[in-house]
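Residue numbers (this note's numbering): 19 to 430.
Glycine included, every Cβ here is placed at the ideal spot set by N, Cα and C.
Step one of this worksheet: look at the structure below.
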């Protein structure tokens, strides 16, 4: 009895996708709540940047090996292990909070552990999507994945702001743990079809390092894919500084509640962008979407730093986050259609490592630049008060938008 058409249909993918959405919402709640908790207790953008740094470096370092293991092992099993490891890290944070022992170094360590497991999740999930969904529906599936992230972006700030007050950070983290259990349950209830490999691909299998090397050589021998990957890496450096500095910048002129509203506006933008991804056809236009909407992101960053205005920041955040699903979704489908399924785990893991390798530099520079250089430069009596200060303002918090503008000049 043939079972092949059913698992490759959208029904199985949608079931898995639903569990991942619940998990994303839970993780978004914890991320938002922890960001507020850290900044209110330390008042330092550097501490926020360090958390991002410890989330990024392990993921980049282990991604190449993780991708090779994803191609060797069952992709459903890799997703289960990834969700389980992240859940254990969340429980550890909750326990430390409960006994009033949570320190910044605990957050750094547990974040690093959690994102080490996360290194298996992204390549396994993306390759599994190609494995489950027919080629003609990949744009739709990519739009659904981006929509899941958008729903998390939309709901997490609003719910996070309310839940931090009502059930506090410990309660938010426990909800996150429950969301991981939901994602695990959906994975345990399904089965993935086997991947068909050719005789040449079976002969090519060797050590993990040789398989990692093959994934790398596959990309470098294709100038179009390599060029796209380099472009995304350069863009990630610029966007990394912005993601770190958003919370301290907004909190410098408004309240956490308004920050939640602004991020929710961004979530609405992500929803709109995700819906566009799923309905916008035409393979020949995907690369144009990547370049065009990256330009829109840059314009949004420029405008957002000009004035300490919540409506202005909400508007630019809407269009900035509207662009991200179109960039990411289009790039992912390009790779899904160009790379054989049997090596997609390696290729997507290498994409994560190479495109994300520029993020630590952006994270590492963003906080110290804002705290130690640009904040003093934008003080009311500073040398720049009469020039740039006339445009973006002076006083506490105005050095942060100046530091987000600097990478735009480096890029040019």
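| Query | Result |
| --- | --- |
| What is the rounded straight-line gap between the Cα of residue 185 and the Cα of residue 110? | 18 Å |
| Are the beta-carbon atoms of residue 50 and residue 174 separated by less than 7 Å? | yes |
| With a threshold of 16 other CB atoms inside 10 Å of the CB of residue 245, please say whether the residue is buried or exposed. | exposed |
| Compute the Euclidean distance between the alpha carbons of residue 274 and residue 373, then round it to the nearest angstrom. | 31 Å |
| Compare the beta carbon distance of residue 188 and residue 84 with 7 Å and say whether it is the shorter of the two. | no |
| Can you give me the Cβ contacts of residue 167 inside the same chain, cut-off strictly under 8 Å, excluding the 5 residues immediately before and after it? | 42, 288, 292, 343 |
| Can you tell me the Cα-Cα spacing of residue 96 and residue 281, whole angstroms? | 31 Å |
| Run through DSSP, which three-state label would residue 255 get? | helix |
| Return the CA-CA distance between residue 308 and residue 251, expressed in angstroms with no decimal places. | 13 Å |
| Quick one: Cα of residue 196 to Cα of residue 38, how far? | 12 Å |
| Can you name the start and end residues of the alpha helix (DSSP H) that residue 229 belongs to? | 226-238 |
| Can you say whether residue 230 is buried or exposed, counting buried as having 16 or more other CB atoms within 10 angstroms of its CB? | buried |
| Applying the 10 Å Cβ sphere with the 16-neighbour rule, what's the burial state of residue 255? | buried |
| Classify residue 326: buried if its beta carbon has 16 or more other beta carbons within 10 angstroms, exposed otherwise. | buried |
| How do the region 333-343 and the region 90-109 stand: do at least 3 beta-carbon pairs fall below 8 Å, yes or no? | no |
| On the criterion of 16 or more Cβ atoms from any shown chain inside 10 Å, does residue 138 qualify as buried, or is it exposed? | buried |
| Could you give the DSSP three-state label for residue 210: helix, strand or coil? | coil |
| Note down the Cα distance separating residue 122 from residue 297, rounded to an integer number of angstroms. | 43 Å |
| Taking all protein chains shown into account, do 16 or more other C-beta atoms lie within 10 angstroms of the C-beta of residue 149, making it buried, or fewer, making it exposed? | buried |
| Is the Cβ-Cβ distance between residue 191 and residue 48 less than 7 Å? | yes |
| Rounding to the nearest angstrom, what Cα-Cα distance links residue 151 and residue 92 in this structure? | 17 Å |
| What's the call for residue 164, buried or exposed, on a 16-neighbour Cβ count within 10 Å? | buried |
| Could you tell me the distance, in whole angstroms, from the CA atom of residue 395 to the CA atom of residue 161? | The predicted model places residue 395 with a pLDDT of 49, which falls under 50 and marks its position as unreliable, so this point remains unresolved. |
| Is the distance from the Cβ of residue 278 to the Cβ of residue 179 below 7 Å? | yes |
| For residue 147, count neighbouring C-beta atoms within 10 Å of its own C-beta (all shown protein chains included) and say buried if the count is 16 or more, exposed if not. | buried |
| Please name the residue in 120, 362, 78, 73 whose C-alpha comes closest to that of residue 232. | 362 |
| Residue 205: buried (16+ other C-beta within 10 angstroms of its C-beta) or exposed? | buried |
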